[in-house]
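K.L.:
Sharing a structure, written as structure tokens. Questions coming.
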Amino acid sequence: MLIRKGAEAEIRLEDWNGRKVVSKVRVRKGYRNTQLDERLRSQRIKTEVKLMTESRKLGISVPIIYDVDLAGNKIVMEFVEGERVKDVLESGYEDKPGLCRRIGEDVGKMHGEGIAHGDLTTSNILQKGDRLYFIDFSLGEKTKEVEVLGVDLHLLREGFFSAHSRIFELFEEVLDGYLASHEKGSEVVQKMNEIGSRGRYT
Ligand SMILES: Nc1ncnc2c1ncn2[C@@H]1O[C@H](COP(=O)(O)OP(=O)(O)OP(=O)(O)O)[C@@H](O)[C@H]1O
Ligand SMILES: [Mg+2]
């Protein structure tokens, strides 16, 4: 069953050896040169798998990966039967400050080990029980550059502002969590502020 058809990927809920799984297949972009397209697709899949694996080692929850098919541009992973944090933050959920703090703590852990997620939005974080699962690492990278981490955090803030404008003050909780879990976090927060004041996309 197709659950989401994005610009780049199709997400299906499937049965895989008796398990409920999600398959994520990167689709061909017609406007891109075929070879370039192949290269980009397999690169993004490799990045996604690598960064999911590294995040898991840090104690961050990510879906279990069952299969990777580079020729078929496909990842088969655990179906996380939860809710998108984007929806939770717009619902009557009680502990939104605690949830925001935990987002910040996890992002801080990733950044502390040089993992930039690449597409940090509340649609790419799922809540199941008391756990947060991070997904969609395909645009991420391993980096030591404060600038790249600052952009990552800046995009999270921008996305938070547009998706959750009525509770934007809770972004402070995200930052508190971030600073508590990332030793050099204040440098990155400073960079985020600098990027924000430079104006968009400069
Ligand atoms: N493992 C999973 N378990 C449950 N739901 C998932 C899972 N993976 C993806 N989803 C759902 O599908 C949506 C889209 O998935 P994802 O963010 O990976 O793809 P995308 O944004 O289309 O991809 P990309 O940005 O890489 O082109 C998520 O917001 C989530 O609702
Ligand atoms: Mg996504």
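The opening residue of the sequence shown carries number 274 in the working numbering; numbering runs sequentially from there. In this text, a Cβ means the ideal position worked out from N, Cα and C, and glycines have one as well. Every value quoted in this text rests on a predicted model; they were computed, and no experiment measured them.
1) According to DSSP, what are the bridge partners of Lys297?
2) Which residues neighbour ligand 2 when neighbourhood means a C-beta less than 5 Å away from any of its non-hydrogen atoms? List them by chain order.
3) If you drop the 5 nearest sequence neighbours on each side, which residues of the same chain put their C-beta closer than 6 Å to that of Ala282?
4) Any idea what DSSP makes of Tyr451, helix, strand or coil?
5) Using a Cβ-based criterion (distance less than 7 Å to any ligand heavy atom), does Gly303 qualify as near ligand 1?
6) Whole angstroms are fine: how far does the CA of Leu426 sit from the CA of Thr475?
7) Quick check: Gly455 and His384, are their CB atoms within less than 8 Å of each other?
8) Nearest CA to the CA of Gly469: which residue from Leu443, Asp449 and Glu420?
9) Hey, how far is the Cα of Arg285 from the Cα of Lys401?
10) Quick one: what does DSSP say Ser411 is sitting in, helix, strand or coil?
11) Give me, in chain order, the residues of the same chain whose beta-carbon lies closer than 7 Å to that of Ser328; leave out the 5 immediate sequence neighbours on both sides.
12) Which parts of the region 362-402 are runs of the alpha helix (DSSP H), unbroken and 4 residues or longer, counting only runs that do not cross its ends?
13) Going along the chain, which residues of its own chain have a beta-carbon closer than 6 Å to the beta-carbon of Arg471, five neighbours each way excluded?
14) Report back the beta-carbon spacing between Val341 and Ile348 to the nearest angstrom; my notes put them in contact at under 8 Å.
15) Report the option in Ile337, Leu309 and Glu311 whose CA atom is closest to the CA atom of Val322.
16) Could you tell me if Lys417 is buried or exposed, where buried requires 16 or more neighbouring beta carbons within 10 angstroms of its beta carbon?
17) Between the beta-carbon of Leu448 and the beta-carbon of Val462, is there less than 8 Å?
18) DSSP on Ile318, reduced to helix/strand/coil?
19) Hey, quick one: how far does the beta strand (DSSP E) through Ile338 stretch, first residue to last?
20) Please indicate yes or no: does the CB of Met325 lie closer than 7 Å to some heavy atom of ligand 1?
P.N.:
Per the coordinate set shown:
1) Ile284 and Ile348
2) Asn397 and Asp409
3) Lys297 and Arg299
4) helix
5) no
6) Note that Thr475 has pLDDT 49, beneath the 50 cutoff, so the model's placement of it is unreliable and no number is given.
7) The question names Gly, yet the displayed sequence has His at residue 455. Their beta carbons are under 8 Å apart, which means His455 touches His384 by this criterion.
8) Glu420
9) 19 Å
10) coil
11) Val335, Met383, Ile388 and Phe407
12) 369-385
13) none
14) 6 Å
15) Ile337
16) exposed
17) yes
18) helix
19) Ile338 to Asp342
20) no
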